[in-house]
Amino acid sequence: MDTFQPAFSSWLNAPAHQQWLATEGLRLLAFAKASKLAEGFGNLDEKGRLPANAQAETMNTARMTHSFAMAHIQGLPGFAELVDHGIKALSGPLRDAEHGGWFATPEHRDGNTDKAAYLHAFVALAASSAVVAQRPGAQALLDDAIHIIDTHFWSEEEGAMRESFNRDFSCEEAYRGANSNMHATEAFLALADVTEDNRWLIRAQRIVERVIHDHAAANDYLVVEHFDRDWQPLRDYNHDNPADGFRPYGTTPGHGFEWARLLLHLEAARVQAGILTPGWLATDAQKLFDHNCRHGWDVDGAPGIVYTLDWDNRAVVRHRLHWTHAEASAAASALLKRTGDEQYERWYRLFWEFCDSHFIDRCDGSWHHELDPLNRPSADIWAGKPDLYHAWQAVLIPRLPLAPSMATALAQLSQSAPV
Numbered sequence: 005m006d007t008f009q010p011a012f013s014s015w016l017n018a019p020a021h022q023q024w025l026a027t028e029g030l031r032l033l034a035f036a037k038a039s040k041l042a043e044g045f046g047n048l049d050e051k052g053r054l055p056a057n058a059q060a061e062t063m064n065t066a067r068m069t070h071s072f073a074m075a076h077i078q079g080l081p082g083f084a085e086l087v088d089h090g091i092k093a094l095s096g097p098l099r100d101a102e103h104g105g106w107f108a109t110p111e112h113r114d115g116n117t118d119k120a121a122y123l124h125a126f127v128a129l130a131a132s133s134a135v136v137a138q139r140p141g142a143q144a145l146l147d148d149a150i151h152i153i154d155t156h157f158w159s160e161e162e163g164a165m166r167e168s169f170n171r172d173f174s175c176e177e178a179y180r181g182a183n184s185n186m187h188a189t190e191a192f193l194a195l196a197d198v199t200e201d202n203r204w205l206i207r208a209q210r211i212v213e214r215v216i217h218d219h220a221a222a223n224d225y226l227v228v229e230h231f232d233r234d235w236q237p238l239r240d241y242n243h244d245n246p247a248d249g250f251r252p253y254g255t256t257p258g259h260g261f262e263w264a265r266l267l268l269h270l271e272a273a274r275v276q277a278g279i280l281t282p283g284w285l286a287t288d289a290q291k292l293f294d295h296n297c298r299h300g301w302d303v304d305g306a307p308g309i310v311y312t313l314d315w316d317n318r319a320v321v322r323h324r325l326h327w328t329h330a331e332a333s334a335a336a337s338a339l340l341k342r343t344g345d346e347q348y349e350r351w352y353r354l355f356w357e358f359c360d361s362h363f364i365d366r367c368d369g370s371w372h373h374e375l376d377p378l379n380r381p382s383a384d385i386w387a388g389k390p391d392l393y394h395a396w397q398a399v400l401i402p403r404l405p406l407a408p409s410m411a412t413a414l415a416q417l418s419q420s421a422p423v
């Protein structure tokens, strides 16, 4: 971890807290192993079982491959085979052998042949982590993912990712999304480390300039999620489907926290690379965090962060999602390391206390993925427990420096550990 010597007692420096994070990570990993299917990884139910009709999905396969690669890099036995399984699935049944890119499900059995930037960002992230883990086939998968991003998704003119295409990339969706560009930013930070090519840091900053420093800053640092092809905000997008799992109406506080953390990673990565780094990255990160805490936490009479807000900052979907709180905790730890400001220590502890009391399921394993407005487990938006990625990263990030990216940082720690 970065040298962090605050003037107050911090959990980030407490050996017991570090051990608690590590132990919780092992518990999460053990639960997720059951998601393995013949063609990738699928969605586990609330008991940690695969339903009878379970099928592999590119999103979960990529996220699991990335997560299991980081476990393997740390020296945890039992994950190498799972990383290899993910590489084979992403190189085989989940990939479009005819036109390139990745389907959402093996051989597009769900009827959807579209190619989504969101999924391709996760494939690139998974491949980069597998390369760091030195697994067979990982470099070829990474080269393939980079080729598709360069050829189809990255728009040099816009300084951002195009959203999606039909199967042969001949028809483009007339939509631009903050969410897909956020995960592209995450992937680009990892690509910069693995390829030693700073163009990925340049691209990441261009995305951040557009989505955050331009649009979010003009919206009181609440992230505008949906745009038309010319990057004009679509404020009524999904008004009639406000609880959509990927494109909900209004603003999403959880993404504000996620972006805040990514801005700090980008700042640290650019400084480490010796690239001119604007001061507004840290300032915007603080404002994102502060404004989303103000409008998202405990705003309806109960603790927790609501899923979405309308354009007057009123809660729309009041459910509490586990990934939102995982990202809030991770962002607080990143800001604490970056600034040494005690307010982020208070938020960091508050978020973990809430997760411990409400999300961590010590009976059936993993975390409840969703709570209703009264903080009772529910499944209105997300059923079961399919997501390892968010909670696993939440217990890793406080133990790692802001740069390099996670897999590379873990590898460097493993190389420098005393023997």
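Quick note on our numbering: the sequence shown kicks off at 5 and runs consecutively.
We treat Cβ as the ideally placed atom computed from N, Cα and C, and that holds for glycine.
Boundaries of the alpha helix (DSSP H) harbouring residue 134: 121-136, taken from the DSSP string. In this model, residue 342 and residue 58 are separated by some 42 Å (Cα to Cα). Residue range 346-358 is occupied by the alpha helix (DSSP H) that includes residue 348. Beta-bridge pairing by DSSP links residue 319 to 313. The DSSP-derived three-state label of residue 178 is coil.
Counting along the chain, residue 116 sits inside no alpha helix (DSSP H), nor does DSSP assign it H or E at all.
Excluding its 5 nearest sequence neighbours in each direction, residue 257 has C-beta neighbours in its own chain below 6 Å: 296, 300, 309, listed in chain order. When rounded, the separation of the alpha-carbon atoms in residue 171 and residue 129 is 22 Å. Residue 71 places its beta carbon less than 7 Å from that of residue 392.
Going by DSSP, residue 153 is part of no alpha helix (DSSP H) at all; its letter is neither H nor E. A distance below 7 Å separates the beta carbons of residue 121 and residue 165. Ranking 377, 333, 348 by CA distance to the CA of residue 360 puts 333 first. Here DSSP, grouped into helix, strand and coil, assigns residue 45 to strand. Cβ-Cβ distances below 6 Å link residue 36 to 392 in the same chain, with the five nearest sequence neighbours on each side left out; the list follows chain order. Within the same chain, 238, 241 come within 6 Å of residue 230 by CB-CB distance, once the 5 residues on both sides are set aside. In this structure, 370 is the residue among 51, 315, 74, 370 with its C-alpha nearest to the C-alpha of residue 330. Cβ atoms of residue 97 and residue 43 come within 8 Å of each other, at about 4 Å.
About 6 Å separates the beta carbons of residue 412 and residue 136, which is inside the 8 Å limit, making them a contact pair. Unbroken alpha helix (DSSP H) stretches of 4 residues or longer found wholly inside the stretch 24-90: 62-77, given in chain order. A Cβ-Cβ contact shorter than 7 Å links residue 409 with residue 193. Taking residue 55 as the centre and dropping the five residues before and after it, the same chain places the C-beta of 49 closer than 7 Å to its C-beta, in chain order.
Between the alpha carbons of residue 376 and residue 13 lies a gap of roughly 34 Å.
The stretch 148-166 and the stretch 208-220 touch, with three or more beta-carbon pairs separated by less than 8 Å. Residue state for residue 335 is assigned as helix, using DSSP reduced to three classes. As computed with DSSP, residue 410 is found in no beta bridge at all. Residues 371, 372 of the same chain have their beta carbon placed closer than 7 Å to that of residue 365, with the five preceding and five following residues left out of the count. Around the CB of residue 279, fewer than 16 other CB atoms lie within 10 Å, so the residue is classed as exposed. Around the beta carbon of residue 293, a 10 Å sphere encloses 16 or more other beta carbons of the protein chains shown; the residue is thus reported as buried. The alpha carbon of residue 118 has as its nearest neighbour, out of 349, 103, 223, the alpha carbon of 103. Following the DSSP letters along the chain, one finds residue 103 in no alpha helix (DSSP H), marked with neither H nor E.
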